[in-house]
Structures are given as C-alpha cells and as structure tokens.
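Take a look at the structure below.
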Amino acid sequence: MFAPEPTPEEPPPSRDAPLAARLRPRTIADVVGQDHLLAPGSALRTAIETGRPHSMLLYGPPGTGKTTLARIVARAASAAFEELSAVEAGRAEVRAVMARATERRRGGQPTVFFLDEIHRFNKGQQDALLPAVEDGLVTLIGATTENPSFEVNAALLSRTRLYELQALTADGVRVLLDRAVERGEVPLPADDGALAFLADRCGGDARTALGALELAAVTAASSGAPSVSLAHAEDALQRRAIRFDKAGDQHYDTISAWIKATRASDPDASLYYLAVMLEAGEDPRFIARRMVILASEDIGLADPTALPVAVAAMQAAHLVGMPEAHYPLAQAAVHLALSPKSHAVGAALHAARAHVREHGAAPPPAYLRSASRREPGYDYPHDRPGHLTPQDVRPEAIRGLRFYEPDDMEPRHRQRVEDLRRARGLP
C-alpha cells in the first residue's frame, strides 16, 4: 500500500540550482510585488495564513511568482506538492497524481496539484480535472500566461478562483537582485549601474533578471573582474543599456519626439522612438494614451479610423500586456504616421473655449432647453425633408460665428459643412 508522504520542512535548494530557485520566497513576507493579491484580509492571504487553500488559477506574465505562490500555499497547508507542466504531461501523468493524492487522503494528508501552462490542456483534459476538484481530492492551482477567460473552459473556471498577477516593477526586481548579492548567492558584488540595468530591462520578469545576474557574475569572475559591471550585465542580457530616465527628461523628450515624428508622417521615425521607449521599459499604457490623444489632436476627421485604431491598441496593451503588446502599439504607430493630418477639430474646440472664457456662456434658445422634442417653438429636424431644420440652434450671442473650419485634408467634411450651411440658410 502506498505510504502517505510526510511533510517535513522543505529543504533549501542545492547550490547547483539556478539563482531564481535558490532565492524563491518561502513565506508571504519574502514575496516581492503582488500587493493587490496579498494585502492583509485578502482572500488569498487569508487562505495562506489559515492553511485552508482553495483551487485557483494564477494568471500573469512570466517571472511574476506563480510557482512561488503555489508552493507557499502548499507549505502553509502542510500539503504534498505535486507539480506538472501541461506542455509535457498527459492524462497518464495526471492519473498518477490523482492516485497518489487518493492514498495521501487516506492518511489525512492533503495534496496541492500545481499545473503550469494549464491553457495547453485541451477541453477534454481540462474536463478530466473536474471530479478531483469538486471532490476536494486535490487543491488545483493552475498557472497560465494566457487570459483564462479564453483559454480555460467555463466548467473549470466556475470551480476555481482567478487571481491576476502583475509584472514586477523595476524597483521590485531590484529588491530581488540586491537580495541575491547581499546573501552572497553570486560570486561577486555588482555595480549599481549593472543592477539598475537588469532591473529596468528585464520586463518585470524576476527569473530573467536573476538568471542574467548569475550569468554576468560567473562571466565576470572567470575574467578576474572585481565586480559585475554594466558591460557584463549587457552581455548577459544581450541588450544594450539605454539612457532613459522614466521619471525625468528622457521620458518626456522621447515621447515628444515620437509625437512630432508621427505628426510629420514618418513611420520609420515613429517606430524608432517607439522602440526606444519599449526597450527602455516605458509603461505601454502611457504610450497608448499618447496615441489616443494624437489620433484626435493631429489627425481628427482627416482619417476617422485613426481614433478607433489607437483606442484598440490601448485596450490590447491592457489586455495582453508586455511583451506581446508591442505588436498592436507598432501597428497603431504606423497607422497614425501614415494617416493624413488635420488639427481642424482641435482648433475649433480651442476657439470655442476661448470665446466662452472671454464672453461667458450664453443661454441656449428657450425652445432648446426642454428635453421634450415637442417643446413649443422647437422645430424637430426629423419632421423636415432631408432631416434638416432652418431653425438656428445657437445662442443669439454667437450667431454668425464659425469655429470649425475644415482644412485641405478634410475635403469631404468641408463640402458637407458648406452643403449644410447652404441648406439651412446660414451664413
């Protein structure tokens, strides 16, 4: 008969294990980032602190701590930890996990089953997990970098709680790098510039940053260097350092250059400055917001599709995150650069606001003030041929003024404005 596994304190990883494994947090207190999930009183923190885990899906970019959290959950519950990757495992491996979990339950020991890349399981394989989850045979913790709403079937989603992990900030990654150096987990100290570079350029992936630090330290030590330099870090990460202060002048100078290059209709320059910002770790949401603004401010009705493209890129950046978000951002940058340019809409709004600031807000005509379309004196356009009314809908103080003047890049709108004014008998 299968003997239930004991649950002694998990031994520390060997010195031959990768740096990321040696530094893996073992308690909540050691976890860096994910404060939105582990705040005091939160469901996940409470489950860990009480040792009463529930089945869950951990969704987030690589290197954000999905495996770490799963191990912490198991340790807190004194549960056996079973780990499989859906990339390599099939039904036979899952059945073996369930068989061991059944024997453990007879001895009173729970099992946490961590299934990495759970989205790689097809519907049938995912359905096969349901009985064990419903029966409480295992506490399932699935991990995925893909949106579970699209990649995990509804039956499994309804039986698990979804937690979305966020990419670590550069400051968070730096904490881990400093921890590795301070604990002597790498053979050499590291220059501040090297650590800052790794923290900024790893894309919020702690595993990538720690792996690069370990490689850089080994390379530096073999060459007799006294410390890990920026050059060692660049070589390990296979990227060049970019002088870019996200809180300072470079941040604003580069986005300004991107805006002006895109306004100048140069797609190559637009892509270049976009690449500079992405390589430097700029927040893609900040870039996307500037795209939305430019689509209206500098393109407007010269290309009405520009704004939907920019908004779609912003939504896509939020939905998929980096690094994949660089594709919709690049698509939007090229679209915006190639679009015809016009600032007529913005100029019209500025002119209207300037008039209001100088002269105040004139009251609308009395026949426009009621919500009823049958207000006495109001001429309902849909009762007219062509759905046009000759009635003046402006306050008396601005009759005869023009704010919107379509320019050469808005010929269709210019013609439409002239046709409407003529049809309505306006000057």
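Number 171 in full-length UniProt numbering belongs to position 171 of the sequence shown; there are no gaps in the numbering.
Glycine is no exception: its CB is placed at the ideal position from the N, C-alpha and C atoms.
Since this is a predicted model, take the numbers as computed values, not measurements.
Tell me where the alpha helix (DSSP H) around residue i begins and ends.
i           : result
Arg-22      : 19-22
Val-97      : 91-106
Ile-141     : Per DSSP, Ile-141 belongs to no alpha helix (DSSP H); it is in the beta strand (DSSP E), 139-144.
Glu-358     : 344-359
Met-314     : 306-320
Leu-198     : 192-201
residue 429 : Residue numbering for the chain in the displayed model covers 1 to 427; residue 429 lies beyond these limits and cannot be assessed.
Thr-389     : Taken as a continuous stretch (DSSP letters only), Thr-389 belongs to no alpha helix (DSSP H), as it is neither H nor E.
Gly-172     : 170-182
Ala-397     : Segment: none, Ala-397 is in no alpha helix (DSSP H) and carries neither H nor E.
Phe-121     : Premise fails: Phe-121 is in no alpha helix (DSSP H) and is neither H nor E.
Tyr-273     : 267-279
Gln-331     : 326-338
Thr-208     : 206-222
Asp-35      : 35-38
His-232     : 230-237
Asp-135     : 130-135
Going by C-alpha distance, which of the options is nearest residue i?
i       : options                               : result
Thr-262 : Ala-216, Arg-183, Ala-330 and Glu-234 : Ala-330
Asp-171 : Leu-420, His-318, Gln-391 and Gly-33  : Gly-33
Met-56  : Ala-70, Thr-160, Asn-153 and Thr-46   : Thr-160
His-232 : Ala-216, Gly-224, Ala-221 and Ser-223 : Ala-216
Ser-270 : Asp-283, Ile-287 and His-350          : Ile-287
Gln-109 : Gln-166, Ala-143 and Ala-76           : Ala-76
Ala-295 : Ala-190, His-335, Ser-227 and His-387 : His-335
Leu-156 : Tyr-163, Gly-136, Thr-144 and Leu-129 : Leu-129
His-387 : Gly-400, Leu-420 and Arg-402          : Leu-420
Glu-282 : Pro-267, Ile-299 and Thr-254          : Thr-254
Leu-165 : Glu-88, Asp-383, Val-356 and Thr-68   : Thr-68
Val-393 : Tyr-378, Ala-43, Pro-323 and Pro-13   : Tyr-378
Ala-348 : Tyr-404, Leu-368 and Pro-376          : Tyr-404
Ala-352 : Pro-381, Arg-402 and Leu-140          : Arg-402
Gly-321 : Val-356, Asn-147 and Asp-408          : Asn-147
Val-299 : Leu-177, Arg-100, Ala-89 and Asp-408  : Note that residue 299 corresponds to Ile in the displayed sequence, not to Val. Here the closest residue by C-alpha is Asp-408.
Could you tell me if residue i is buried or exposed, where buried requires 16 or more neighbouring beta carbons within 10 angstroms of its beta carbon?
i       : result
Leu-168 : buried
Glu-410 : buried
Ser-342 : buried
Phe-150 : exposed
Ser-339 : buried
Asp-16  : exposed
Ala-29  : exposed
Glu-358 : exposed
Ala-241 : Low per-residue confidence applies at Ala-241: pLDDT is 48, beneath 50, and the placement is therefore not dependable enough to give any value.
Arg-104 : buried
Leu-319 : exposed
Ala-397 : exposed
Glu-82  : buried
Tyr-163 : buried
Asp-205 : buried
Pro-385 : exposed
Gly-142 : buried
Val-356 : exposed
Ala-354 : exposed
Can you list, in chain order, the residues of its chain with a C-beta nearer than 6 Å to that of residue i? Leave out the 5 residues immediately preceding and following it.
i           : result
Gly-346     : Glu-297
residue 463 : The requested residue 463 is not part of the displayed model; the chain covers only 1 to 427.
Ala-132     : Met-98 and Val-138
Thr-144     : Tyr-59, Ile-118 and His-119
Pro-13      : Ala-21 and Arg-22
Any C-beta of chain B sitting closer than 8 Å to the C-beta of residue i?
i       : result
Ala-233 : Protein chains in the displayed structure number just one, and chain B is not present.
Can you list, in chain order, the residues of its chain with a C-beta nearer than 7 Å to that of residue i? Leave out the 5 residues immediately preceding and following it.
i       : result
Ala-180 : Leu-19, Leu-23, Val-186, Leu-210 and Leu-213
Gly-425 : Pro-390
Arg-422 : none
Arg-414 : Pro-406
Ala-325 : Pro-284, Ala-316 and Ala-317
Ala-337 : Thr-262, Ser-265, Asp-266, Pro-267 and Ser-270
Ser-222 : none
In chain order, what residues of the same chain lie with their CB nearer than 8 Å to the CB of residue i, ignoring the 5 residues before and after it?
i       : result
Ala-86  : Leu-115, Asp-116, Glu-117, Ile-118, His-119, Arg-120, Phe-121 and Gln-125
Tyr-272 : Ala-261
Val-175 : Val-32
Ile-72  : Pro-25, Arg-26, Thr-27, Ile-28, Val-31 and Ile-48
Ala-39  : Arg-45
Leu-230 : Asp-191, Gly-193, Ala-194, Phe-197 and Ala-241
On the DSSP letters alone, give me the boundaries of the beta strand (DSSP E) that residue i sits inside.
i       : result
Arg-161 : 161-164
Val-112 : 111-116
Ala-80  : 80-85
Met-409 : From DSSP, Met-409 is part of no beta strand (DSSP E); its letter is neither H nor E.
Tyr-59  : 56-59
Regarding residue i and the ligand FAD, is the C-beta to nearest heavy atom distance less than 7 Å?
i       : result
Val-356 : What this structure holds is no ligand at all, so the ligand FAD is not there to describe.
### Task
Could you tell me whether the region 202-212 touches the region 230-237, using the rule of 3 or more Cβ pairs below 8 Å?
yes
### Message
Below 8 Å, how does it come out for the region 90-109 and the region 197-204: are there three or more Cβ pairs, yes or no?
### Response
no
### Task
May I ask you to verify whether the region 319-334 touches the region 358-370, counting CB pairs closer than 8 Å and requiring at least 3?
no
### Task
Count the CB pairs spanning the region 62-75 and the region 30-48 that are closer than 8 Å, and state whether there are at least three.
yes
### Query
Is there contact between the region 308-317 and the region 259-279, where contact requires at least three CB pairs shorter than 8 Å?
no
### Message
Contact between the region 301-311 and the region 255-269 is defined here as three or more beta-carbon pairs at a separation below 8 Å; is this criterion met?
### Response
no
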